[in-house]
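Asker:
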Amino acid sequence: RKIYSSMLPKVLLTKSLPPDSQKLLENAKDIELIQWKSDGEVQSIPREKFLEMAKGVDGILCMLTEKIDSELLDVAGPNLKVVSTMSVGYDHVDLNELRKRSISLGYTPGVLTDAVADITVLLVLAVTRRMREGIQAVENGKWRIWSPTWLLGTQLTNKTIGIVGLGRIGFATALRLKPFIGNNGKIIYSSRVEKPIASSIGATKVEFEFLIRKSDVICICCAMNEETKEMFNYEVFKKMKSNVILVNTARGGIIHQDDLCRSLSEGLFGGIGLDVTTPEPLNPNDPLLKFDKVTVIPHIGSATLETRTMMGNIAVENVLTGIRGEALPHRVDD
Ligand code: DGY
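Under full-length UniProt numbering, the first residue of the sequence shown carries the number 18, and numbering increases by one thereafter.
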């Protein structure tokens, strides 16, 4: 039995999946599942452990918290056929190194679009309406009496919304925000290519430079790559409207965070909403959190049971088809 089981393809899972997806993987026939048992949900697999457990595996089902680079791939060795990340973003994976070794990369596009767009809108509303300060006032006994001038936020009506990256999530965000801006509001977007679907909501493609100067609200909805890493920096912040609302639900690294703090201390911005930061988790003493107009939530854009289950199921299907050498249902294209 032991000898037989060691002949089965090995799948390394780096964190427990949502219950249905976990069952799907555990019930898969003819695989040996190797799983790192985390201490609840607080910890990711330590790098040393990851390197040790990856030796000789055929497939890896990982999270966005695990770096997949040449060191890991070398250690895993020639059996490795597929890396399946339970995320739509894959900036933690060195795609070139995978290509060199003909290893497929599976990801989970589409299924988290609604959840992430929802949370982007939630942050836009929370920041424009000063939700963090309001909640703090209630909890800290600073809520006195109704006053015509207390905690005044900004109305979205008639505003210009700038979407950076009109992919699935960017479009779903724009669609949700459209009713808030009314007939006289505008949606503009920046993107490498013209998106035909944009015309269905009257969104116009503009240069990035134009977008940052003209938008009242900017939503970062693009993938992080060489082009977009730290594209929001001091130079860019200085060109924005002084009361601009900036929301990032994509990747923390798209914003140069030290520059963000510097700009905040110089009085720029109407407010900031972040679901993603550098690093994650953000230290509770991070200077960013000292600014009342900054609202940070802990990378929960896709965190609904429905969405995480769909992501988990796709990640399982990707790894299982990958170890059999079949076409992945959702593969990052070469
Ligand atoms: C992803 O899938 O890349 C998201 O960041 C997870 O919420």
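Even glycine gets a Cβ: it sits at the ideal position worked out from N, Cα and C.
Computed from a predicted model, the values in this text were never measured in an experiment.
Going by alpha carbons, who is nearest to LEU169 out of THR145, LYS256, LEU285 and THR338?
Answerer: In the sequence shown, counting from the first residue as 1, residue 169 sits at position 152. For LEU169, the nearest C-alpha among the options comes from THR145.
Asker: Closer than 6 Å: is that where the CB of VAL110 sits relative to any heavy atom of the ligand ATP?
Answerer: The ligand ATP is absent from the structure shown, which contains only the ligand DGY.
Asker: Can you tell me whether ALA134 is buried or exposed, with buried defined as 16 or more other CB within 10 angstroms of its CB?
Answerer: By one-based count along the sequence shown, residue 134 stands at place 117. Buried, because 16 or more other Cβ atoms sit within 10 Å of the Cβ of ALA134.
Asker: In this structure, does DSSP put ARG279 in helix, strand or coil?
Answerer: To locate residue 279, count along the sequence shown from 1; it is residue 262. Helix at ARG279.
Asker: Name the one or two DSSP bridge partners that CYS236 has.
Answerer: Here the question's residue 236 lines up with position 219 in the sequence shown. According to DSSP, CYS236 bridges with ILE180 and VAL264.
Asker: Beta carbon of VAL234, beta carbon of ILE289: below 7 Å?
Answerer: Here residue 234 corresponds to residue number 217 of the sequence shown, with the count starting at 1. Here residue 289 corresponds to residue number 272 of the sequence shown, with the count starting at 1. No, they are not a contact pair.
Asker: Provide the residue(s) that pair with ILE51 in DSSP beta bridges, ordered along the chain.
Answerer: Position 34 of the sequence shown holds residue 51. Bridge partners of ILE51: LEU29.
Asker: Going along the chain, which unbroken runs of the alpha helix (DSSP H) with 4 or more residues stay wholly within the region 87-172?
Answerer: Listed in chain order, the complete alpha helix (DSSP H) runs (minimum 4 residues) inside the region 87-172 are 87-93, 112-117, 130-145 and 148-156.
Asker: Use the C-beta contact count for VAL210: other C-beta atoms within 10 angstroms, 16 or more gives buried, fewer gives exposed.
Answerer: On the sequence shown, position 193 is the one that residue 210 refers to. Counting Cβ neighbours within 10 Å, VAL210 comes out exposed, since fewer than 16 surround it.
Asker: Output the residues surrounding the ligand DGY, defined as those with a CB atom closer than 5 Å to any ligand heavy atom, in chain order.
Answerer: Taken from the N-terminal end onward, the list reads SER104, VAL105, GLY106, GLY318 and SER319.
Asker: Is there contact here, the region 153-161 with the region 287-306, by at least three beta-carbon pairs under 8 Å?
Answerer: Contact fails: fewer than three Cβ-Cβ distances are below 8 Å.
Asker: Mind checking LYS19: buried by the 16 CB within 10 Å criterion, or exposed?
Answerer: Locating residue 19 in the sequence shown gives position 2, where the first residue counts as 1. Note that LYS19 has pLDDT 48, beneath the 50 cutoff, so the model's placement of it is unreliable and the number below is only indicative. Flag for LYS19 reads exposed.
Asker: Helix or strand or just coil, what does DSSP make of ILE62?
Answerer: For the purposes of this step, residue 62 is taken as the residue at position 45 of the sequence shown. Note: ILE62 maps to coil in three-state DSSP.
Asker: If distances are taken between C-alpha atoms only, which option among LYS46, GLY329 and TRP53 comes closest to LYS32?
Answerer: As a position in the sequence shown, residue 32 is number 15, starting the count at 1. Looking at the Cα atoms, TRP53 is the closest of the given residues.
Asker: Which complete alpha helix (DSSP H) runs does the region 179-224 hold, if anything under 4 residues is left out?
Answerer: Listed in chain order, the complete alpha helix (DSSP H) runs (minimum 4 residues) inside the region 179-224 are 185-198.
Asker: Between CYS236 and VAL313, which are expected to be in contact by the criterion C-beta below 8 Å, what is the C-beta distance as a whole number of angstroms?
Answerer: The residue labelled residue 236 in the question sits at position 219 within the sequence shown. The residue labelled residue 313 in the question sits at position 296 within the sequence shown. The Cβ separation is near 16 Å, so there is no contact.
Asker: Let me make sure I understand the geometry here. Which of ASP37, ILE48 and ASN44 has the alpha-carbon closest to that of ARG341?
Answerer: Within the sequence shown, the letter at position 324 stands for residue 341. Minimum Cα distance to ARG341 is reached at ILE48.
Asker: For SER101, does the count of other Cβ atoms within 10 angstroms reach 16, so buried, or fall short, so exposed?
Answerer: For the purposes of this step, residue 101 is taken as the residue at position 84 of the sequence shown. SER101 should be labelled buried.
Asker: Do you know offhand how far CYS239's Cα is from ASN330's?
Answerer: Residue 239 sits at position 222 when you count from the first residue of the sequence shown. Residue 330 sits at position 313 when you count from the first residue of the sequence shown. Roughly 24 Å between the two C-alpha positions.
Asker: Going by C-alpha to C-alpha distance, which of LEU50, ARG185, GLY94 and ALA191 sits closest to VAL141?
Answerer: Within the sequence shown, numbered from 1, the residue matching residue 141 stands at position 124. Ranking LEU50, ARG185, GLY94 and ALA191 by Cα distance to VAL141 puts ALA191 first.
Asker: When the Cα atoms are used, what is the spatial distance from TYR251 to ALA143?
Answerer: Against the sequence shown, residue 251 aligns to sequence position 234. Against the sequence shown, residue 143 aligns to sequence position 126. So the alpha carbons of these two residues sit roughly 24 Å apart.
Asker: Considering Cα atoms alone, identify which of LEU97, ALA189, THR82 and TRP163 is closest to GLY127.
Answerer: If you number the sequence shown from 1, residue 127 lands on position 110. When each option's Cα is compared against that of GLY127, the closest is ALA189.
Asker: Just the Cα atoms here: how many angstroms apart are MET328 and GLU65?
Answerer: Within the sequence shown, residue 328 is the residue found at index 311, counting from 1. Within the sequence shown, residue 65 is the residue found at index 48, counting from 1. Roughly 26 Å between the two C-alpha positions.
Asker: Quick check: what's the CA-CA separation for ASP350 versus ASN113?
Answerer: By 1-based counting over the sequence shown, the position of residue 350 is 333. By 1-based counting over the sequence shown, the position of residue 113 is 96. ASP350 and ASN113: Cα-Cα distance of roughly 12 Å.
Asker: Can you list, in chain order, the residues of its chain whose CB lies under 7 Å from that of VAL110, leaving out five sequence neighbours each side?
Answerer: As a first step, residue 110 is located in the sequence shown; it is residue number 93 there, counting from the start. The answer, listed in chain order, is ILE85, VAL100, THR102 and LEU122.
Asker: Three-state secondary structure (DSSP) at LEU78?
Answerer: Counting from one through the sequence shown, the residue named residue 78 turns up at place 61. In the structure shown, LEU78 sits in a strand (DSSP, three-state: E or B).
Asker: Sorted by chain position, which residues of the same chain lie with C-beta nearer than 7 Å to ALA71's C-beta, five sequence neighbours on each side aside?
Answerer: Position 54 of the sequence shown, counted from the first residue, corresponds to residue 71. LEU29, ILE77, LEU89, VAL92 and ALA93, listed in sequence order.
Asker: Does the beta-carbon of ILE262 have 16 or more other beta-carbons within 10 angstroms, so that it is buried, or is it exposed?
Answerer: Counted from its first residue, the sequence shown places residue 262 at position 245. Answer is buried; the Cβ neighbour count reaches 16.
Asker: Do ASN175 and ASN201 have their CB atoms nearer than 7 Å?
Answerer: The residue labelled residue 175 in the question sits at position 158 within the sequence shown. The residue labelled residue 201 in the question sits at position 184 within the sequence shown. For ASN175 and ASN201, yes; Cβs fall inside 7 Å.
Asker: Of the choices ARG348, PRO298 and THR338, whose alpha-carbon is the least far from that of SER61?
Answerer: Against the sequence shown, residue 61 aligns to sequence position 44. Checked all of ARG348, PRO298 and THR338; the closest Cα to SER61 is PRO298.
Asker: Would you decide whether PRO315 is buried or exposed? Buried here means 16 or more other CB atoms lie within 10 Å of its CB.
Answerer: For this step, residue 315 is matched to residue 298 along the sequence shown. Exposed is the call here.
Asker: Kindly say whether GLU150, judged by its beta-carbon, lies nearer than 7 Å to any beta-carbon of chain C.
Answerer: Given the protein chain composition of this structure (a single chain), no chain C is represented.
Asker: So what's GLY290 in DSSP terms, helix, strand or just coil?
Answerer: Within the sequence shown, the letter at position 273 stands for residue 290. Looking at GLY290 - three-state DSSP - the assignment turns out to be strand.
Asker: Name, in chain order, the residues that DSSP records as bridge partners for VAL313.
Answerer: Sequence index remark: in the sequence shown, residue 313 carries index 296 (1-based). Paired residues: LEU291.
Asker: If you draw a straight line from the C-alpha of GLN106 to the C-alpha of TRP167, how long is it?
Answerer: Here residue 106 refers to the residue found at position 89 of the sequence shown. Here residue 167 refers to the residue found at position 150 of the sequence shown. Looking at the sequence provided, one finds Gly at residue 106 rather than Gln. When rounded, the distance between both Cα atoms is 40 Å.
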